[in-house]
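In the numbering used here, the protein residues as written are 8 to 254.
Accompanying notes for the structure given below.
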C-alpha cells in the first residue's frame with residue numbers, strides 16, 4: 008500500500024533512534040528493552056529485502072541477487088565482535104567477548120557507532136533509494152495521467168476492490184503462519200534454515216570461547232580474540248563468486 012521505500016526509511020529512522028538512546032542506558036533492563044525495540048525496527052531489511060530483490064531482478068537472476076544480499080547478514084558475526092565488547096557493560100563481567108571499540112572507549116560507543124552507521128544509511132536512503140514496488144509505481148503513474156488528462160485512471164487492483172489497511176495487515180500477518188504449517192516444503196525449508204543458522208552461531212560462539220581462552224592465557228588483548236571470525240568473512244566472497252562462474 009505504501010511501498011517498500013517508505014517502509015525501509017520509516018523503520019530505519021526508529022532503528023537509529025533506539026540505538027542512540029541505548030547509549031544513555033543506566034541498567035540492564037533499559038538496555039534490553041531498547042535493544043529489543045531496535046531489533047524490531049531493524050528487522051525490516053531482512054523481511055522485505057526478498058521482495059525488493061524480486062522487483063529489481065528477473066526470475067533467472069534472483070538467486071544471485073539474494074546471495075549478494077545474504078552476504079551482509081552473514082558478515083555480521085564476523086565484523087560485529089571485532090567492534091563490540093560486552094565486558095564490564097553495566098557492571099556485567101564477561102571476558103569471553105571482546106572488541107577494539109568497547110575495550111578502548113567503552114560499550115556505549117559501540118551503540119553509538121551502530122546509531123551513527125544506521126543514521127548515515129537512513130540519510131543515504133532518503134537521497135538515493137528508489138521505489139521498486141510495481142503497484143505503487145503504477146498508482147503514481149495513474150495519478151500523473153489523471154492530473155495531466157483530467158480523466159480518472161486506476162490500476163486493476165484498485166478498480167476491483169478498495170484496499171483497506173486492516174484486512175491487509177490481517178492477511179500479511181496470518182499468511183506466513185498458514186504457509187509454515189500447511190505447506191510441507193515451507194516447513195521443511197524453515198526447519199533446515201533453523202538448523203543451519205543455529206549451527207553457524209553456536210560454532211562461532213564456541214570458536215570465540217576457545218580463542219578467548221588462548222588469548223587470555225598468553226596475556227594478549229581480548230580485542231584480538233574475535234579475529235577467529237575473520238575466516239568466516241573471508242569465505243563469503245568465495246561463495247559469492249560461484250554463481251558468476253556458472254557452477
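Even for Gly, the Cβ is constructed at its ideal location relative to N, Cα and C.
Beta-carbon proximity of residue i to residue j, cut-off 7 angstroms
| i | j | result |
| --- | --- | --- |
| residue 193 | residue 187 | yes |
| residue 23 | residue 126 | yes |
| residue 59 | residue 12 | no |
| residue 247 | residue 78 | yes |
| residue 149 | residue 140 | no |
| residue 16 | residue 173 | no |
| residue 117 | residue 108 | yes |
| residue 81 | residue 243 | yes |
With 16 other Cβ atoms within 10 Å as the buried cut-off, status of residue i
| i | result |
| --- | --- |
| residue 114 | buried |
| residue 25 | buried |
| residue 32 | buried |
| residue 228 | Caution applies to residue 228, whose pLDDT of 49 falls short of 50 and renders its modelled position unreliable; the value that the coordinates give is listed next. With fewer than 16 other Cβ atoms within 10 Å, it is exposed. |
| residue 29 | buried |
| residue 241 | exposed |
| residue 45 | buried |
Among the options, the one whose alpha carbon lies nearest that of residue i
| i | options | result |
| --- | --- | --- |
| residue 49 | 173, 128, 108 | 128 |
| residue 123 | 243, 242, 19 | 19 |
| residue 163 | 154, 183, 142 | 142 |
| residue 27 | 121, 209, 245, 183 | 121 |
| residue 41 | 21, 57, 147, 205 | 21 |
For residue i, the three-state DSSP class (helix, strand or coil)
| i | result |
| --- | --- |
| residue 67 | coil |
| residue 160 | coil |
| residue 136 | coil |
| residue 31 | coil |
| residue 242 | helix |
| residue 10 | coil |
| residue 210 | helix |
| residue 113 | coil |
| residue 50 | coil |
Would the stretch 36 to 50 and the stretch 67 to 78 be scored as touching if the rule is three or more Cβ pairs under 8 angstroms?
In short, these stretches do not touch, since the Cβ pair count stays below three.
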